[in-house]
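K.L.:
Structure in structure tokens, see below.
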Amino acid sequence: MRGILRSTAIGLAALVAAAACGGGAAPAASAAPAATAAAKPKFELATYMYALQTKGKIKIGTREDNVPFGLKNPASGKYEGFDIDIARELAKGIFGKTEDVDKFIEWVPVVSATRIPTLDENKADFVIATFTINEERKKQIDFSDVYFFTGQKILVKKTNTDITSLATLSGKTVCTATGSTSEKNIRSGNPQARPLLLDTYAPCLLALQQGTADAVSTDETILFGLVKQDPNTKIVGAYFSDEPYGIGVKKNKADRQGFVEYLNVELKAMIADGRWTAAYKKWITPVSGDEKKAPK
Ligand code: GLU
């Protein structure tokens, strides 16, 4: 418990630093037309989407300090990032096109280790949070199709010359998030590395800057976000994992009828009609430098 409190405090400091570094880019105005009654999507009575529409609210689990995927902008209090844009499109598909879909959304903050419990405890209808699909997690929850693809790498200070790969992490302190695939991959890939486990990756950057960690390791696109916040860092080595992201849903087919299918149809539509590409260009391109039309 003490560890959680401490890393939360560090996380807040890092968040303010992220905002100062431009993590709070103003989102472009939505191109969606104003809602009309006729624009409200129709669903079968038995579906989970119908139930959500009736409730008039969807609870979405996401990150608060994970640039460029999910950030609660400390200046505006608004959520922003790639995962957030995808989540908003999914909500519009249920509540209809609207200027401000956030009035239908309750954002539920999660960290790596709380994603599955958040679903299990019905605190979120879905979790979109750099969530890698794997066999172990699939035993506990359901996932949508892949909507983003990356792989694990290592971040070090720009001046560091001795860490160049997973093998060179032996004896080094490597910061990563508790309960993430990043933690697992470090433990299995180099048992001689010394993991420093925090709740999220923003405090890991602080640990690197302060010298309590020699490296940070997680998905490359998250590391791109950290490099953007601290140009005195660099990403090294080759990918040592595949990290296909999916949207997590509670495993309970009976009362979530049609929900994963709905998410998959919408994700496909977003990729086909350019909304996925637009979200990529807005949030990922500024940190990665590339452009993409589909997850892979
Ligand atoms: N994608 C990996 C995972 O799901 C690492 C990033 C994260 O912790 O969100 O565990």
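Converting from the sequence shown to the working numbering requires adding 684 to each position, the first position being numbered 1.
Glycine included, C-beta positions come from ideal geometry on N, C-alpha and C.
With 16 as the cutoff for other CB atoms within 10 Å, does L729 come out buried or exposed?
P.N.:
Exposed: under 16 other Cβ atoms inside 10 Å.
K.L.:
Taking just the CA atoms, how far does I800 sit from K842?
P.N.:
Using only the alpha carbons, I get a separation of about 35 Å.
K.L.:
In terms of alpha-carbon separation, which member of Y732, A759 and F810 lies closest to I768?
P.N.:
It is F810.
K.L.:
Are three or more beta carbon pairs between the stretch 913 to 923 and the stretch 775 to 792 nearer than 8 Å?
P.N.:
Cβ pair count under 8 Å is below three, so no.
K.L.:
Along the chain, which unbroken stretches of the alpha helix (DSSP H) at least 4 residues long are found entirely within the stretch 841 to 877?
P.N.:
If we require 4 residues or more, the alpha helix (DSSP H) runs fully inside the stretch 841 to 877 come out as 865 to 873.
K.L.:
With a CB to CB cut of under 6 Å and the five nearest residues on each side skipped, what residues in its chain are close to Y964?
P.N.:
If we look at Y964 and ignore the five residues flanking it on each side, its Cβ neighbours are K976.
K.L.:
Quick test of your reading: F833 and P725, contact by CB under 8 Å. State the CB separation rounded to the nearest angstrom.
P.N.:
So it is not a contact: roughly 28 Å between Cβ atoms.
K.L.:
Any heavy atom of the ligand GLU closer than 8 Å to the CB of S864?
P.N.:
Because some heavy atom of the ligand GLU lies under 8 Å away, the Cβ of S864 counts as near it: yes.
K.L.:
Apart from the five residues just before and just after T902, which ones in its own chain have a Cβ nearer than 6 Å to its Cβ?
P.N.:
Hits under 6 Å: T860, S866 and Y885.
K.L.:
Threshold first: 3 residues or longer. Then list the beta strand (DSSP E) segments lying entirely within the stretch 872 to 947, N to C.
P.N.:
As far as the stretch 872 to 947 is concerned, its whole beta strand (DSSP E) runs of at least 3 residues are 878 to 882, 899 to 903, 917 to 920, 927 to 929 and 932 to 934.
K.L.:
With a threshold of 8 Å (Cβ to nearest heavy atom), would N750 be considered close to the ligand GLU?
P.N.:
Within the cutoff, so yes.
K.L.:
Which class does Q836 belong to by DSSP, given the choice of helix, strand or coil?
P.N.:
Three-state result, Q836: strand.
K.L.:
Would you give the residue range spanned by the beta strand (DSSP E) that E790 belongs to?
P.N.:
Unbroken beta strand (DSSP E) run through E790: I789 to P793.
K.L.:
Cβ of D829 within 9 Å of Cβ of K934?
P.N.:
No, Cβ-Cβ distance for D829 and K934 is not below 9 Å.
K.L.:
Quick check on G777: does DSSP put it in helix, strand or coil?
P.N.:
Three-state DSSP puts G777 in a helix.
K.L.:
Who are the near neighbours of S972 in its chain, counting only those whose CB is closer than 7 Å to its CB and skipping five residues on each side?
P.N.:
Closer than 7 Å at Cβ, skipping near neighbours: T905 and F908.
K.L.:
Would you call the stretch 945 to 965 in contact with the stretch 845 to 854, where contact means no fewer than 3 C-beta pairs closer than 8 Å?
P.N.:
Not touching, per the Cβ criterion.
K.L.:
I think G745 touches A808, with their Cβ atoms under 8 Å apart; what is that distance to the nearest whole Å?
P.N.:
About 3 Å separates the two Cβ atoms, so the contact holds.
K.L.:
Given this structure, state the Cα-to-Cα distance separating G932 from L803, to the nearest angstrom.
P.N.:
About 8 Å.
K.L.:
Give me the Cβ distance between Q913 and L889, rounded to the nearest whole Å; I'm assuming they're in contact under 8 Å.
P.N.:
The pair is a contact, with the Cβ atoms about 6 Å apart (cut-off 8 Å).
K.L.:
Between the C-alpha atoms of T731 and E783, what's the straight-line distance to the nearest angstrom?
P.N.:
Their Cα atoms are separated by approximately 25 Å.
K.L.:
Tell me the DSSP secondary structure of V811 in three-state form.
P.N.:
In this structure, V811 counts as strand in the three-state DSSP scheme.
K.L.:
Consider the C-beta atom of T816 and the heavy atoms of the ligand GLU; say whether any pair is separated by less than 8 Å.
P.N.:
Yes, the beta carbon of T816 sits closer than 8 Å to at least one heavy atom of the ligand GLU.
K.L.:
Need the endpoints of the alpha helix (DSSP H) that L803 sits in, please.
P.N.:
Taken as a continuous stretch (DSSP letters only), the alpha helix (DSSP H) holding L803 covers R799 to D804.
K.L.:
Take Y946 and list the residues in its own chain whose beta-carbon comes closer than 6 Å to its own, dropping the five residues that flank it on each side.
P.N.:
Only M733 meet the Cβ criterion.
K.L.:
Assuming I661 and L736 make a contact with CB atoms under 8 Å, what is their CB distance in whole Å?
P.N.:
In the structure displayed, the chain extends from 685 to 980; residue 661 sits before or after that span and is not available.
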